[in-house]
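For what it's worth, numbering that gives the first Met the number 0 labels the leading residue of the sequence shown as 0, then goes sequentially. For each residue, glycine too, the CB sits at the ideal point set by N, CA and C. Predicted model, so just to flag it, every value in this text is computed and none were measured. Step one of this worksheet: look at the structure below.
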Amino acid sequence: MTETVTGDLRDADSLRRACEGVDVLIHCASAIGADEERARSVNDEGTRTLVDAAVRAGVTRIVSLSTASVHGRGPFRAAAPGTLPLAPGSATSRTRAAGERHVMEAGGAVLRPHLVYGAGDRQLIPGLIRLLELLPGPLDAGASLHSLIDVDSLAGALLGAAFSPRTEAGAYYVNHPEPVPVAELLAPCEELLAGQAGQAGQTGRSRAAAVDLAEAYELLAGHPFGRHHLAMLATDHWFADDRPWGELACDPGPGFTAGFAAHTRWYRNLLDPS
């Protein structure tokens, strides 16, 4: 039986009610955006209040979903757990790093994916497509490597961390074991962009020759959003941690190209709901 209890990380009473009779807490709620006060009240103070409520209620395990962005901008290449300092570069990442501390001080586990794709994603792939739309041709972003995980595998890792007897307190990187070359990451985005043009009746519109990083940076001079994405793409963000797939016996799922294929229809419907 599933019982839904409505709560708010800024409402301590609702968190106490939500934790009553609970054995395991999986904390996935967060505030994302530039509003630092909102981020602090949800990601930092809200997580602390939730953890306090869970401890008082006798919850035996706490697992929290965070982000590898708490380490800031790379380059990170095969970065192992415990080797990187916290260096968050945004209000979201700073407050999520603060929230992590509350979880780990209570003996909980924190899962840090880098890039998450799949059904429900309204940031990563849509954001990359918006970037590509600003360029006259496909982006040649170099040879950087990126850690990704599909949403289904991430959900499995959260459940694995929640119920495995081998889960340890502290932080885990949760990404597919094989990093993804940036060209492989961008390829399905170009295909989705071409599909959008076709559905809009722009079949005669063709993309120009590939645009390299230097040219793209100049073309995006008036687009801070685009330059932000471009800088991320050009830099290695590869986090290496086999524990979720070994010690916790979770399934990382297929590699990116095969994994993305399972979500293509969802992205098409998101981009063109008609």
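Boundaries (first-last residue) of the alpha helix (DSSP H) holding residue i
i, result
"residue 131", "123-132"
"residue 213", "212-218"
"residue 50", "44-55"
"residue 64", "First-last for residue 64: 60-64, but that is the beta strand (DSSP E), not the alpha helix (DSSP H)."
"residue 207", "Taken as a continuous stretch (DSSP letters only), residue 207 belongs to no alpha helix (DSSP H), as it is neither H nor E."
"residue 258", "255-260"
"residue 102", "90-104"
"residue 14", "11-18"
Beta-carbon proximity check, residue i vs residue j, cutoff 8 Å
i, j, result
"residue 149", "residue 116", "yes"
"residue 114", "residue 123", "yes"
"residue 85", "residue 69", "yes"
"residue 24", "residue 58", "yes"
"residue 65", "residue 35", "no"
"residue 233", "residue 126", "no"
"residue 237", "residue 187", "no"
"residue 128", "residue 229", "no"
"residue 160", "residue 62", "yes"
"residue 52", "residue 239", "no"
"residue 91", "residue 38", "yes"
"residue 73", "residue 88", "no"
"residue 271", "residue 211", "no"
"residue 265", "residue 118", "yes"
Residue environment, residue i, which counts as buried when at least 16 other CB atoms sit within 10 Å
i, result
"residue 203", "Unreliable positioning characterises residue 203 in this predicted model, as indicated by a pLDDT of 44, which lies under 50. The coordinate reading is nonetheless provided below. Exposed."
"residue 205", "exposed"
"residue 42", "buried"
"residue 0", "exposed"
"residue 220", "exposed"
"residue 60", "buried"
"residue 258", "buried"
"residue 174", "buried"
"residue 4", "exposed"
"residue 249", "buried"
"residue 224", "exposed"
"residue 95", "buried"
"residue 176", "exposed"
"residue 213", "exposed"
"residue 273", "exposed"
"residue 6", "buried"
"residue 93", "buried"
"residue 215", "buried"
Limits of the unbroken beta strand (DSSP E) element including residue i
i, result
"residue 151", "That residue, residue 151, is in no beta strand (DSSP E); its alpha helix (DSSP H) goes 150-162."
"residue 236", "236-238"
"residue 109", "108-111"
"residue 225", "Segment 223-232 is the alpha helix (DSSP H) holding residue 225; no beta strand (DSSP E) there."
"residue 76", "75-78"
"residue 285", "The structure shown does not extend to residue 285, since the chain is modelled only from 0 through 273, so no value can be given for it."
"residue 270", "From DSSP, residue 270 is part of no beta strand (DSSP E) but of the alpha helix (DSSP H) over 263-270."
CA nearest to the CA of residue i, picked from the options
i, options, result
"residue 107", "46, 211 and 261", "46"
"residue 183", "137, 94, 273 and 225", "137"
"residue 31", "121, 76 and 55", "121"
"residue 54", "18, 26, 80 and 97", "18"
"residue 190", "267, 144 and 244", "267"
"residue 26", "81, 2, 73 and 157", "157"
"residue 154", "251, 131, 143 and 217", "251"
"residue 280", "8, 162 and 210", "Summary: the structure shown does not reach residue 280, with the chain confined to residues 0 through 273, and so no result is reported for it."
"residue 246", "218, 165, 194 and 15", "165"
"residue 143", "80, 231 and 262", "231"
"residue 130", "79, 75 and 218", "218"
"residue 29", "241, 194 and 97", "97"
"residue 2", "254, 11, 253 and 16", "16"
"residue 209", "226, 194, 222 and 185", "185"
Residue i Cβ short of 7 Å to the ligand NAD heavy atom set
i, result
"residue 142", "As for the ligand NAD, it is missing from this structure, which has no ligand bound."
Mind the definition here: the stretch 148-164 touches the stretch 87-101 only if three or more C-beta pairs lie below 8 Å; say whether that holds. For the pair of segments examined, the stretch 148-164 was found not to touch the stretch 87-101: the number of CB pairs separated by less than 8 Å stays below three.
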